[in-house]
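J.:
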Amino acid sequence: MPIVLVEDLRKSFGSLEVLKGISLSVERGQVVALLGRSGSGKSTLLRCLNGLETISSGRIEIGGHVMSYAPAALRALRKDVGIVFQSFNLFPHLSAAENVMLAPRVVKKTPKREARELAMEMLGKVGLIDKADVYPDQLSGGQQQRVAIARSLAMQPRVMLFDEVTSALDPELTGEVLNVMERLAAEGMTMLLVTHEMEFARRVATTTVFMYKGLVHETGSSKELFGRPSTSEFRQFLGVTSD
Amino acid sequence: MIRPFGSDEILFLFEAARWTSVLSLAALALGGLFGLAVALARVSVSNVLRTAASGYITVVQGIPVLILLFLAYYGLSTMGFDLPPLIAASLSLGIYASGYLGDIWRGAIESVALQQWEASASLALTRGQQYRYVIIPQSVRIALPPTVGFLVQLIKNTSIVSIVGVVELTRAGQLVNNATFEPFPVFLSVAAIYFIICYPLSLIARRLEAQFNAYRAG
Numbered sequence: 011m012p013i014v015l016v017e018d019l020r021k022s023f024g025s026l027e028v029l030k031g032i033s034l035s036v037e038r039g040q041v042v043a044l045l046g047r048s049g050s051g052k053s054t055l056l057r058c059l060n061g062l063e064t065i066s067s068g069r070i071e072i073g074g075h076v077m078s079y080a081p082a083a084l085r086a087l088r089k090d091v092g093i094v095f096q097s098f099n100l101f102p103h104l105s106a107a108e109n110v111m112l113a114p115r116v117v118k119k120t121p122k123r124e125a126r127e128l129a130m131e132m133l134g135k136v137g138l139i140d141k142a143d144v145y146p147d148q149l150s151g152g153q154q155q156r157v158a159i160a161r162s163l164a165m166q167p168r169v170m171l172f173d174e175v176t177s178a179l180d181p182e183l184t185g186e187v188l189n190v191m192e193r194l195a196a197e198g199m200t201m202l203l204v205t206h207e208m209e210f211a212r213r214v215a216t217t218t219v220f221m222y223k224g225l226v227h228e229t230g231s232s233k234e235l236f237g238r239p240s241t242s243e244f245r246q247f248l249g250v251t252s253d
Numbered sequence: 098m099i100r101p102f103g104s105d106e107i108l109f110l111f112e113a114a115r116w117t118s119v120l121s122l123a124a125l126a127l128g129g130l131f132g133l134a135v136a137l138a139r140v141s142v143s144n145v146l147r148t149a150a151s152g153y154i155t156v157v158q159g160i161p162v163l164i165l166l167f168l169a170y171y172g173l174s175t176m177g178f179d180l181p182p183l184i185a186a187s188l189s190l191g192i193y194a195s196g197y198l199g200d201i202w203r204g205a206i207e208s209v210a211l212q213q214w215e216a217s218a219s220l221a222l223t224r225g226q227q228y229r230y231v232i233i234p235q236s237v238r239i240a241l242p243p244t245v246g247f248l249v250q251l252i253k254n255t256s257i258v259s260i261v262g263v264v265e266l267t268r269a270g271q272l273v274n275n276a277t278f279e280p281f282p283v284f285l286s287v288a289a290i291y292f293i294i295c296y297p298l299s300l301i302a303r304r305l306e307a308q309f310n311a312y313r314a315g
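Sequences listed follow chains A and B, in order. Numbering of the first sequence is given in the working numbering, commencing with residue 11 and proceeding in unit increments. Numbering of the second sequence is given in the working numbering, commencing with residue 98 and proceeding in unit increments.
Quick look at the structure:
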């Protein structure tokens, strides 16, 4: 049974239709790279998957929840679907550990000591135990993004969404974030990522989805897709980005 | 009979200054409570609440605090609510404060980046939890300097309640002046006492601001 199921999803902003009938199915443990030019709708699709954008029509099932915008149902869904953003969005008034602890404490009512242990475990996963008591502004972009990943993992999600998480980083800092994501993939986490890191998509993603003008244009195993792109648009896209 | 302006008179001024403090605190408590409600209503998802709060702010800011005082003291008494001067004064100053604090705090809440809402919503926090743990703590730092600045205004504006017969610092100054006819020493003393009350507030505000800014030290 797929852990993410999207059926004929449409999304418009005003009169502009951004997603024009997307269908997608992801199995547990799959790593799906969403590729496409800017404006192809890939980030919008990702944001629809945890309800940050409401859909115009269609159906989403994710992490065992059917998408519904009733506040309680949406919260239940979000407990199981983590997201990491391009701009990190750490809480600047909280230390790294407090950022990670907040949701477990407040949403899951985990006792403080347990939450702190959990936070340290998660910060360990992203290699930042020594930064536990440091505030976000004193961390590099790469470190902030790793804390953001730890913060999301602390809720023990079934699916993780990554929205261009390395796009705001200097090239020398993208590696440390991608390494964390690769390890996460190796542990079996189900992941959907919008990315411009072609090499990472080809190597780490099990499946690649190429989006074009609001539709899934080409999809399949990353190996096949990168080896033998079947549409001229995807060939062109690969050509352009590998320059 | 004209008396000299001596230590008894100074003492009298300081005692009256207590009422200035009481009035200020009452107005701050009332204004803070209403103001928070107004600020939250102003940024709520409900259209009706937003419009109502915005209307309230516009009306309160558009009325002189003296008129609010007259409405609370004289106006309400014609309707059968004979409020003691101190209560009427606290009420009107509280309403006045809520109109400004509500607006200051609305601005502070709105200045927190949209992404903070998205990040906390994505972690399954309720709207109340988002406010409590993410949005308000960040707004406080932004709101603090203008809030204390307004508080200083509020303290000085308590002087208008002398008109309805509350013997606070300004009224006490008038009484002492009537008895001594030494306006310069009397009102300079009054001014000095206002300064003594207000200046530490500015200092506290500066210290708090530095504290809240500590996490940006890096």
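Backbone N, C-alpha and C fix where the C-beta goes; we use that ideal spot for every residue, glycine too. Computed from a prediction, not measured in an experiment: that's the story for all the values here.
If LEU87 of chain A and GLY73 of chain A are in contact, beta carbons under 8 Å, what's the gap, nearest whole angstrom?
T.: The count along the first sequence starts at 1 and reaches residue 87 of chain A at position 77. The count along the first sequence starts at 1 and reaches residue 73 of chain A at position 63. 7 Å between Cβ atoms; contact.
J.: Cβ closer than 8 Å: which chain B residues qualify as neighbours of ARG156 of chain A?
T.: The count along the first sequence starts at 1 and reaches residue 156 of chain A at position 146. Chain B residues near ARG156 of chain A: none, gap ~15 Å exceeds 8 Å.
J.: Can you tell me which of the three DSSP states LYS9 of chain A falls into?
T.: Past the boundaries of the shown model lies residue 9 of chain A; chain A is included only from 11 to 253, so the question cannot be answered.
J.: For CYS58 of chain A, which residues in the same chain have their Cβ closer than 7 Å to its Cβ, ignoring the five residues on either side in sequence?
T.: Looking up residue 58 of chain A in the first sequence gives position 48. LEU19, LYS21, ILE65 and ILE70, listed in sequence order.
J.: For the segment 106-123 of chain A, enumerate the residues whose C-beta is nearer than 7 Å to any C-beta of chain B, in chain order.
T.: Listed in sequence order: LEU112, ALA113, VAL116 and VAL117.
J.: Using the beta-carbon of each residue, which ones in chain A are nearer than 8 Å to ALA123 of chain B?
T.: The residue you call residue 123 of chain B lines up with position 26 of the second sequence. Neighbours of ALA123 of chain B on chain A: none; closest Cβ ~31 Å, over 8 Å.
J.: Is the beta carbon of TYR79 of chain A sitting closer than 8 Å to the one on GLY61 of chain A?
T.: Within the first sequence, numbered from 1, the residue matching residue 79 of chain A stands at position 69. Within the first sequence, numbered from 1, the residue matching residue 61 of chain A stands at position 51. The answer is yes: Cβ separation under 8 Å.
J.: Just to confirm before moving on: does the CB-CB distance between ILE206 of chain B and VAL140 of chain B stay below 8 Å?
T.: The residue given as residue 206 of chain B occupies position 109 in the second sequence. The residue given as residue 140 of chain B occupies position 43 in the second sequence. Going by C-beta atoms, ILE206 of chain B is nearer than 8 Å to VAL140 of chain B.
J.: Since GLY128 of chain B is in the beta strand (DSSP E), which residue starts that stretch and which ends it?
T.: Mapped onto the second sequence, residue 128 of chain B falls at position 31. Premise fails: GLY128 of chain B lies in the alpha helix (DSSP H), 104-139, not in any beta strand (DSSP E).
J.: Does the separation of the CB atoms of SER278 of chain A and HIS206 of chain A fall below 8 Å?
T.: Residue 278 of chain A lies beyond the range of chain A shown here (11 to 253); nothing can be said about it.
J.: Counting only beta-carbon separations shorter than 8 Å, does GLY315 of chain B have a partner in chain A?
T.: Stepping through the second sequence from its first residue, residue 315 of chain B is reached at position 218. Low local confidence applies: a pLDDT of 39 at GLY315 of chain B is under 50, so the model's placement there is unreliable, and no value is given.
J.: Check whether the Cβ of ALA164 of chain A sits closer than 7 Å to any heavy atom of the ligand FMN, and report yes or no.
T.: Judged by which ligands are present, the structure shown has none, so any question about the ligand FMN falls away.
J.: Please look up how many angstroms separate the CB atoms of VAL175 of chain A and VAL157 of chain A, rounded, as I've assumed it's under 8 Å.
T.: Locating residue 175 of chain A in the first sequence gives position 165, counting from the first residue. Locating residue 157 of chain A in the first sequence gives position 147, counting from the first residue. Wrong, their Cβ atoms sit about 12 Å apart, outside the cutoff.
J.: Are any of the Cβ atoms in chain B nearer than 8 Å to that of SER97 of chain A?
T.: Within the first sequence, residue 97 of chain A is the residue found at index 87, counting from 1. Chain B contact via Cβ: present.
J.: Can you name, in chain order, every residue of its own chain whose Cβ lies under 7 Å from the Cβ of ALA211 of chain A, other than the five neighbours on each side?
T.: For the purposes of this step, residue 211 of chain A is identified with residue 201 of the first sequence, where counting begins at 1. Counting only Cβ-Cβ distances below 7 Å, and skipping sequence neighbours, we find ALA43, LEU45, THR205, THR218 and SER232.
J.: By the 10 Å Cβ neighbour count, where 16 or more other Cβ atoms means buried, how is ILE154 of chain B classified, buried or exposed?
T.: Your numbering for residue 154 of chain B matches position 57 in the second sequence. Label assigned to ILE154 of chain B: buried.
J.: Would ARG85 of chain A count as contacting chain B if we go by Cβ distances under 8 Å?
T.: Working through the first sequence from its first residue, we reach residue 85 of chain A at position 75. With 8 Å as the cut-off, ARG85 of chain A counts as an interface residue toward chain B.
J.: With ILE93 of chain A as the anchor, note down where its beta strand (DSSP E) starts and where it stops.
T.: Residue numbering aside, residue 93 of chain A sits at position 83 when the first sequence is read from its first letter. Taken as a continuous stretch (DSSP letters only), the beta strand (DSSP E) holding ILE93 of chain A covers 91-94.
J.: Inspect the CB distances between the segment 103-123 of chain A and the segment 150-164 of chain A and report whether three or more fall short of 8 Å.
T.: Because the criterion of three Cβ pairs below 8 Å is met, the segment 103-123 of chain A and the segment 150-164 of chain A touch.
J.: Which one of A:LEU163, A:SER97 and A:SER25 has the shortest CA to CA distance from GLY152 of chain A?
T.: Residue 152 of chain A sits at position 142 when you count from the first residue of the first sequence. Taking only the C-alpha atoms, the option nearest GLY152 of chain A is A:SER97.
J.: Taking the alpha-carbon positions, what's the GLU124 of chain A to ALA142 of chain A distance?
T.: Indexing the first sequence from 1 puts residue 124 of chain A at position 114. Indexing the first sequence from 1 puts residue 142 of chain A at position 132. Those two C-alpha atoms are separated by around 15 Å.
J.: Taking Cβ positions only, does ILE93 of chain A come closer than 8 Å to chain B?
T.: To locate residue 93 of chain A, count along the first sequence from 1; it is residue 83. So, interface residue.
J.: I'd like the span of the beta strand (DSSP E) that includes ASP18 of chain A, first residue to last.
T.: Your numbering for residue 18 of chain A matches position 8 in the first sequence. Where ASP18 of chain A is concerned, the enclosing beta strand (DSSP E) stretches over 14-23.
J.: So, is the C-beta of LYS89 of chain A closer than 8 Å to a C-beta in chain B?
T.: In the first sequence, the residue the question calls residue 89 of chain A occupies position 79. Yes, contact with chain B.
J.: Is PRO249 of chain B near SER299 of chain B, with beta carbons less than 8 Å apart?
T.: By one-based count along the second sequence, residue 249 of chain B stands at place 152. By one-based count along the second sequence, residue 299 of chain B stands at place 202. The sequence shown places Val at residue 249 of chain B, rather than the Pro named in the question. Closer than 8 Å, so yes.
J.: On the premise that LEU127 of chain B lies in contact with ILE257 of chain B, defined as a C-beta separation below 8 Å, what is that separation, rounded to the nearest angstrom?
T.: Position 160 of the second sequence, counted from the first residue, corresponds to residue 257 of chain B. Position 30 of the second sequence, counted from the first residue, corresponds to residue 127 of chain B. Between LEU127 of chain B and ILE257 of chain B the Cβ distance is about 16 Å, and since that is not below 8 Å, they are no contact.
J.: Spatial neighbours of LEU183 of chain B within its chain, please: CB distance less than 6 Å, with the 5 preceding and 5 following residues excluded, ordered by chain position.
T.: Translated into the one-based positions of the second sequence, residue 183 of chain B becomes position 86. Excluding positions up to five away in sequence, the list reads VAL263.
J.: Find the residues of chain B that neighbour MET191 of chain A, judging by a C-beta separation of less than 8 Å, and give them in chain order.
T.: Counting from one through the first sequence, the residue named residue 191 of chain A turns up at place 181. Within chain B, no residue comes near MET191 of chain A; the closest Cβ sits about 17 Å away, beyond 8 Å.
J.: Confirm, please, whether the CB-CB distance from VAL237 of chain B to SER217 of chain B is below 8 Å.
T.: As a working note, residue 217 of chain B is residue 120 in the second sequence. As a working note, residue 237 of chain B is residue 140 in the second sequence. Result no, Cβ atoms of SER217 of chain B and VAL237 of chain B do not sit closer than 8 Å.
J.: Contact criterion: CB-CB distance below 8 Å. Does LEU220 of chain B meet it with respect to chain A?
T.: Taking the first residue of the second sequence as position 1, residue 220 of chain B is located at position 123. Chain A contact via Cβ: present.
J.: Would you list the residues sitting across from LYS30 of chain A in a DSSP beta bridge?
T.: For the purposes of this step, residue 30 of chain A is taken as residue 20 along the first sequence, with counting starting at 1. DSSP, once it has assigned bridges, lists A:ARG20 as partnering LYS30 of chain A.
J.: Compute the Euclidean distance between the alpha carbons of SER219 of chain B and GLN213 of chain B, then round it to the nearest angstrom.
T.: Indexing the second sequence from 1 puts residue 219 of chain B at position 122. Indexing the second sequence from 1 puts residue 213 of chain B at position 116. Going by the C-alpha atoms only, they are around 10 Å apart.
J.: Name the residue from A:GLY249, A:HIS227, A:ARG245 and A:LEU248 whose alpha carbon lies nearest to the alpha carbon of GLY31 of chain A.
T.: In the first sequence, the residue the question calls residue 31 of chain A occupies position 21. Minimum Cα distance to GLY31 of chain A is reached at A:HIS227.
J.: Using DSSP's beta-bridge definition, name the partner residues of SER231 of chain A.
T.: Locating residue 231 of chain A in the first sequence gives position 221, where the first residue counts as 1. A:THR217.
J.: Determine the extent of the beta strand (DSSP E) in which MET173 of chain A is found, giving its start and end residues.
T.: For this step, residue 173 of chain A is matched to residue 163 along the first sequence. Looking at the sequence shown, residue 173 of chain A is not Met but Asp. Unbroken beta strand (DSSP E) run through ASP173 of chain A: 169-173.
J.: Would you mind stating whether LYS135 of chain A and ALA221 of chain B have Cβ atoms separated by less than 8 Å?
T.: Residue mapping note: residue 135 of chain A aligns to position 125 of the first sequence, counting from 1. Residue mapping note: residue 221 of chain B aligns to position 124 of the second sequence, counting from 1. Not in contact: LYS135 of chain A and ALA221 of chain B (Cβ atoms no closer than 8 Å).
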